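The structure appears right after this line, and notes come after that.
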Amino acid sequence: MTTNQDAAAVEATVAQEVWRDAFGEVTGLVAGCFPRRETRRTFAEMTEALLMGIERANCWTLAEALGHSGPHRLQHFLARAVWDHDAVRDHLARWAARQLADDRAVLVVDETGDEKSSMDAVGAARQYSGALGGIGLCQVAVHLTYASRFGHALLDRALYLTKDWATDDELRELTGVPDELVFATKPQLAAAMLQRVREAGLPARWVAADEVYGGRELLLAVRELGYDYAIAVPKGHRMATPAGTFTAAALLTRLPRRAWQRLRTGHGTKGDRHYDWAMIEIVPDDTPPGHDEGHGCLLVRRHRYTRELSFYRCHSITPVALADLVATVCARWRVEEDFAAAKSLTRLDEGQVTCWNSWMRWSLVSLVAAALLAVALARTHSAGPTPEAELIPLTRPGLLALRRATVLPEPRRDLAHVLHWSCWRRRHQHRAAACHRRWNETTATATT
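full-length UniProt numbering puts the first residue of the sequence shown at 1, with every later residue one more than the last.
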């Protein structure tokens, strides 16, 4: 027990220094993106505030926790302050990828939805979201995560606007959507993010995604950018083979029984997870002009007990072993872990913002906080506990708990401040309720 406690104490000290270094590096890198010192300070404050142990996170609760007299400074920072959030995004992506650098890293694309209570929020519409488990009123955003053997972190995001929403001039004007922004499909948003990553020179080899991104348009874009890919496709997806063109399901019927191999795909609290895998050669029919044809295959995964099947279309410039392809496919689940961490730890889905600028900036600050956690965790792991300590590796929630106990400021909770905010909040809500009543009375009179 003493050995474990000593190891945990040493790890906590290392994590404390690592956090301070990482936070200083990021704030120093992005300093030039903020023309004013006050805005730069607000960015640092808000990043730390998102990691505080408060029940809910929005401009009101964060301002109260930081000791502000009202939410106006944070609201101005998100909606109207002059600073370049795209430049901050680019600095963050380069910094995080450099810390987790791996030439065989996987860029994982996926989307997540945030439920909304009204159509006032930018991009909010009735649409499908896997996070909601069906169709509901929500915002959907496509995200890009960088996954290497050293760690993984979200680097970028793009808000998806449905075609009806993107062509509604009134909604666009009310929420401040830039004029140059037009409707784009989720694969097109993904391609734009991958283009930015390529231009930034981030070290990575693979792109992984689910079936939404398995269309020919994105496959071609990935090849043009010089990445290899392992992207899920439906069973009806058609592919060319030396024997002709077949669907994924039809190719499976031609597969001999001996082609299946059982491989480990991960490790959970109850032990290793194993699936049956098979690889079928296909002809790359998505080769851009001037590019080598490379090597294509269909990768099939079969559940050991339910026999459920999943299909993945893969391409690589050089031949790749089955185990390496399986590792790439399994890396796709890192984005799900990043979504869970960003929503539960850095409040990605709690902003309650309605306009374009506010959504872009809230989501960015959340990604900055999440990337800080990911990089600090990777650095702490590199200094890990002694082999004699019977401890699992430190997790992101565990690291955040250590940060709250050491370097993060405590939310302000003295009586005078709490009373001030109680009065401010109740007065604001009273005025809002009175405005709603007057509006309802006016509209009721006008319709009679």
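Ideal Cβ positions, reconstructed from N, Cα and C, are used throughout, including at glycine. Since this is a predicted model, take the numbers as computed values, not measurements.
In terms of DSSP beta bridges, what is residue i paired with?
i, result
"residue 280", "298"
"residue 118", "Residue 118 pairs with nothing; no bridge assigned."
"residue 310", "301"
"residue 351", "According to DSSP, which records beta bridges pairwise, residue 351 is partnered with nothing at all."
"residue 380", "None; residue 380 has no bridge partner."
"residue 241", "244"
In chain order, what residues of the same chain have a beta carbon less than 8 Å from the beta carbon of residue i, not counting five sequence neighbours either side?
i, result
"residue 430", "none"
"residue 304", "262, 274, 275, 276"
"residue 360", "85, 159"
When the distance is taken between beta carbons, is residue j closer than 8 Å to residue i?
i, j, result
"residue 237", "residue 214", "yes"
"residue 383", "residue 140", "no"
"residue 107", "residue 182", "no"
"residue 309", "residue 261", "no"
"residue 298", "residue 248", "yes"
"residue 263", "residue 93", "no"
"residue 29", "residue 91", "yes"
"residue 137", "residue 124", "yes"
"residue 47", "residue 338", "no"
"residue 278", "residue 259", "yes"
"residue 417", "residue 67", "yes"
"residue 78", "residue 353", "yes"
"residue 122", "residue 186", "no"
"residue 242", "residue 283", "yes"
"residue 35", "residue 95", "no"
"residue 53", "residue 404", "yes"
"residue 402", "residue 12", "yes"
"residue 370", "residue 346", "yes"
"residue 292", "residue 317", "yes"
"residue 132", "residue 115", "yes"
"residue 356", "residue 177", "yes"
Using the three-state DSSP reduction, which class does residue i fall into: helix, strand or coil?
i, result
"residue 95", "helix"
"residue 437", "helix"
"residue 107", "strand"
"residue 1", "Summary for residue 1: the model assigns pLDDT 48, below 50, so the residue's position carries little reliability; its value from the coordinates is reported in the next sentence. Of the three classes helix, strand and coil, the one that applies to residue 1 here is coil, per DSSP."
"residue 206", "strand"
"residue 216", "helix"
"residue 261", "strand"
"residue 89", "helix"
"residue 358", "helix"
"residue 21", "helix"
"residue 247", "strand"
"residue 72", "helix"
"residue 190", "helix"
"residue 30", "coil"
"residue 292", "coil"
"residue 444", "helix"
"residue 320", "coil"
"residue 228", "strand"
"residue 233", "strand"
"residue 339", "helix"
Leaving aside the five residues before and after residue i along the sequence, list all residues of the same chain whose C-beta is less than 7 Å from its C-beta, in chain order.
i, result
"residue 437", "none"
"residue 224", "288"
"residue 189", "142, 158, 160"
"residue 1", "With a pLDDT of only 48 at residue 1, under the threshold of 50, the placement of this residue in the model should not be trusted, and no figure is reported."
"residue 58", "350, 351, 352"
What residues in its chain sit with their C-beta under 6 Å from that of residue i, if we drop five residues either side in the sequence?
i, result
"residue 64", "421"
"residue 18", "376, 379, 380"
"residue 332", "108, 208"
"residue 275", "265, 301"
"residue 166", "183"
"residue 221", "191"
"residue 365", "46, 47"
"residue 227", "207"
"residue 445", "none"
"residue 245", "238"
"residue 118", "none"
"residue 295", "316, 319"
Looking at residue i and the ligand FMN, is the gap between the Cβ and the nearest heavy atom below 7 Å?
i, result
"residue 126", "Judged by which ligands are present, the structure shown has none, so any question about the ligand FMN falls away."
Threshold first: 4 residues or longer. Then list the alpha helix (DSSP H) segments lying entirely within the region 108–176, N to C. Counting whole runs of 4 or more residues, the region 108–176 contains the alpha helix (DSSP H) stretches 163–166, 169–175.
Continuous beta strand (DSSP E) assignments of at least 3 residues falling wholly in the region 41–65: Those beta strand (DSSP E) runs which fall completely within the region 41–65 and span 3+ residues do not exist here.
Go through the region 395–432 residue by residue and report every complete run of the alpha helix (DSSP H) that reaches 4 residues or more, in order. For the region 395–432, whole alpha helix (DSSP H) runs of length 4 or above, ordered along the chain, are 396–406.
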